[in-house]
Amino acid sequence: MSYVLGLKCRECGREYPKDVLFVCEYCFGSLEVNYDYKAIKKNLTKETLLGRPKNMWRYKELLPIDKDPAVGLDSGYTPLIKANNLARVLGVRELYLKDDSVNHPTLSFKDRVVSVAISKAREFGFDTVACASTGNLANSVSAQAASCGLKAYIFIPADLETGKVVASQIYNPNLIGIEGNYDEVNRLCSEIASRYRWAFVNINIRPFYAEGSKSMGYEIAEQLDWKLPKHIVVPSAGGSLITKLWKSFKELKELGFLEKADTKVYCAQGQGCAPIVTAIKEKSEVIRPVKPKTIAKSLAIGNPADGYYAVDTVRKSGGFAEEASDEEIVEAIKLLAKTEGIFTETAGGVTLAAAKKLIEQGIIPKDESIVICITGNGLKTLEVVTKSLPRLVKIKPNLASFEEHIKNGAHQKISENKVIEYYI
Amino acid sequence: MAKRIIKLTFPKDLIKEPLTFTMAKKYNIMPNIRRAKVTESVGELVLELDGQEQDLDKGVEFLKKSGVIVESIVGDVIG
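Just so you know, the protein sequences line up as chains A and B, in that order.
So the number in our numbering is just where the residue sits in the first sequence, counting from 1, plus 1.
So the number in our numbering is just where the residue sits in the second sequence, counting from 1, plus 643.
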């Protein structure tokens, strides 16, 4: 049973039926899913959740599909880790990591939104799904389309690194490299989306697709025993995750799961592609598009579709924003690995680096609870950290060679590292 | 005839210039304003343009060269 009433324009409030629509035909504002919260409140309680499997579909009443999910049955309910080692380094009292680097099936937050998009595409009767992507989205659409027998068209820049191509190609989609710059790739994909009757997950299915992000917010609240953190730091590309986390908190409050929803939301972006951060810092009412230039490719969206709404959410929540340079991103990836044993991709590096700066600036207080969202896995962006790591130590295959190596102070090198020394 | 939906952002110094009218007249384009917001520092306009394909290209190029930021209303689609 579905609790979706229909779609609603975020700008003029005009209502539409539940259909393959994504912009208001009057004002061209984006559309959002509208639910019957009164009916949900009668049927969804903390007790009903207790017996449900630990995946994102335990909150199915608050997700926009009508039938059982077609894919992503094991997506979501990723760990919320109390990061005591990292907390000591940052000098904060209570720190958690929402770890979507181990999300199923393709190790990123995108598995949540794609699970909803592909399930919805099946309900609408599409036989083909599509997306334009440089990484995580392509991986997830390729994998999940394969798992439910849909055809997939995946558009990528022609010069994408081999590793990233393989991580989609292995699932046997129609993978097409576009020879063109960032703007040309964007434009062509928009044209293809309007010409073919395919479910383009982040275009014509976008109102449904984006709702999948809310599952991360529900999980954080449940994992904290139905309380919210005082502060949450969120990476931003198109800006959707920020708005949907906020929506999830407000929904839980409305349904009576939470006493209050007063979390301050902070936006994190890479320095070479930070249109949302810039707008927040400059108190601007508009987003100025940029040409992305950052190693955080998974966040490199120069003209964010939900940028305005993300800025609005951050302001309403009382949060702020920060950007991270390429060097700060790499250092943060290494810091997270060294302190918590979690290897994140560049987006996670951006988020931790931004959180660190916000804490150092006193914007996030050290004595209040903080959640940092880790949205992807480091195995996907090995190239950005490889050069900054020490060379492999090689020894002969005998004990003497090993002991010679130890005698030369190898073990001391470890304790010279200030981060590790702090908690050994 | 072709249609195109675009979002225009006018920097402060261009708000008073009749650029949309000039574009429409010069390239024989019929603009239909669907949404607009003008503040002290910026002007935003969401338009549907109706015209010959090549005229739409020229009109959009004219706006860009004049300093107006021209974007797709769906934002970037690469995820």
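Don't be surprised by glycine CBs; every beta carbon is placed ideally from N, CA and C.
Check your understanding: What residue from A:Q145, A:E361, A:S76 has the CA that sits closest to C132 (chain A)'s CA?
Key -> A:Q145
Check your understanding: How about V5 (chain A) and V34 (chain A): are their beta carbons less than 8 Å apart?
Key -> yes
**Study point:** 8 Å Cβ cutoff met for Y38 (chain A) and A118 (chain A)
**Key:** no
Exercise for review: List the residues of chain A that S715 (chain B) touches, going by C-beta distances under 8 Å, in chain order.
Suggested key: N187, R188, S191, N304
Review point. Does the separation of the CB atoms of Y1 (chain A) and V235 (chain A) fall below 8 Å?
Key: Nothing about residue 1 (chain A) can be read from this structure; chain A reaches only from 2 to 425.
Review point. Of the residues that make up the region 692-704 of chain B, which ones have a beta carbon closer than 7 Å to any beta carbon in chain A?
Key: none
Review point. What is the residue span of the alpha helix (DSSP H) that V331 (chain A) lies within?
Key: 327-341
**Study point:** Cβ pair V685 (chain B), E286 (chain A) closer than 8 Å
**Key:** yes
Point to revise | Range of the contiguous alpha helix (DSSP H) that encloses F664 (chain B) | key: 662-669
Review point. Can you name the start and end residues of the alpha helix (DSSP H) that K408 (chain A) belongs to?
Key: 400-408
Check your understanding: For N104 (chain A) versus G136 (chain A), is the C-beta spacing smaller than 8 Å?
Key -> no
Practice item. Measure the beta-carbon distance from G722 (chain B) to N86 (chain A) and round it to whole angstroms, keeping in mind my assumption that it falls under 8 Å. Key: About 32 Å; that fails the 8 Å criterion.
Point to revise | Outcome for I407 (chain A) when other beta-carbon atoms lying within 10 angstroms are tallied against a minimum of 16 | key: exposed
**Study point:** Own chain residues within Cβ distance below 8 Å of N378 (chain A), not counting five before or after
**Key:** S102, V103, L108, S109, F344, T345, E346
Point to revise | Among A:D128, A:Q272, A:G213, A:I373, nearest to K152 (chain A) - alpha-carbon criterion | key: A:D128
Check your understanding: Of all the residues that make up the region 220-247 of chain A, which are near chain B by a beta-carbon distance shorter than 9 Å?
Key -> A238, G239, G240
Point to revise | F250 (chain A) burial status per 10 Å Cβ neighbour count (16 or more: buried) | key: buried
Exercise for review: Using a Cβ cut-off of 9 Å, pull out every chain B residue sitting near I204 (chain A), in sequence order please.
Suggested key: V717, V720
Review point. Got a sec? Which residues, its chain only, sit under 8 Å from R429 (chain A) by beta carbon, not counting five neighbours each side?
Key: Limits of chain A in this structure are 2 at one end and 425 at the other, which puts residue 429 (chain A) out of reach.
Review point. Within the 8 Å Cβ cut-off, does P80 (chain A) reach chain B?
Key: no
Exercise for review: Say whether chain A places a C-beta atom closer than 8 Å to the C-beta of V689 (chain B).
Suggested key: yes
Check your understanding: Applying a beta-carbon distance threshold of less than 9 Å, which residues of chain B neighbour V1 (chain A)?
Key -> As displayed, chain A neither begins before 2 nor continues past 425, which places residue 1 (chain A) out of reach and without an answer.
Practice item. Report, in whole angstroms, the separation of the C-beta atoms of S143 (chain A) and I155 (chain A), which I expect to be a contact under 8 Å. Key: 6 Å
Exercise for review: Please check if any C-beta of chain B sits within less than 8 Å of the C-beta of L138 (chain A).
Suggested key: yes
Exercise for review: Please list, in chain order, all residues of the same chain as E95 (chain A) whose beta carbon is under 6 Å from its beta carbon, the five residues on each side excluded.
Suggested key: S370
Practice item. Under 8 Å between beta-carbons, which chain B residues line up against S134 (chain A)? List them in chain order, please. Key: I721, G722
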